[in-house]
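If you count the sequence shown from 1, position 6 lands on 12 in the working numbering, and the numbers rise without skipping. Glycine residues also receive a C-beta, built at the ideal position from the N, C-alpha and C atoms. A short worksheet on the structure shown next.
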Amino acid sequence: YSQSLQSISYIVSPAVAALLYSVWELNAIIAIDVLGAVIASITVAIVRIPKLGDRVQSLDPNFIREMQEGMAVLRQNKGLFALLLVGTLYMF
């Protein structure tokens, strides 16, 4: 999904930029760009990242155990499973 949006933005962006440049001066376009960056930065700054508890993990990775834990998370979170399924089907 995100790859198609990115591809579309690569095609549409130059056309939108040309349209904006014909309507406004370059200073106004740069001001809009800076405003967008400020809004994005504020949005990222507002997001709260929860602190993780002190959990002791084994240092050696175990592929099978990690796959089992991942499947357990997917079984618990149906929305995440649906998102993964739709993304997988979309890539084919």
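In whole angstroms, give me the CA-to-CA distance for residue i and residue j.
| i | j | result |
| --- | --- | --- |
| Ala-95 | Ser-8 | According to the sequence shown, residue 95 is Leu rather than Ala. Cα to Cα, the separation comes out at about 14 Å. |
| Ala-46 | Asp-39 | 11 Å |
| Pro-20 | Leu-32 | 14 Å |
| Pro-56 | Ile-14 | 34 Å |
| Ile-70 | Val-22 | 48 Å |
| Gly-93 | Leu-86 | 11 Å |
| Leu-58 | Lys-84 | 23 Å |
On the DSSP letters alone, give me the boundaries of the alpha helix (DSSP H) that residue i sits inside.
| i | result |
| --- | --- |
| Ile-55 | Here Ile-55 belongs to no alpha helix (DSSP H), and DSSP marks it neither H nor E. |
With DSSP run on the structure shown, which of helix, strand or coil describes residue i?
| i | result |
| --- | --- |
| Asn-68 | coil |
| Ile-98 | Contrary to the premise, residue 98 reads as Phe rather than Ile in this sequence. Coil. |
| Asn-83 | coil |
| Asp-39 | helix |
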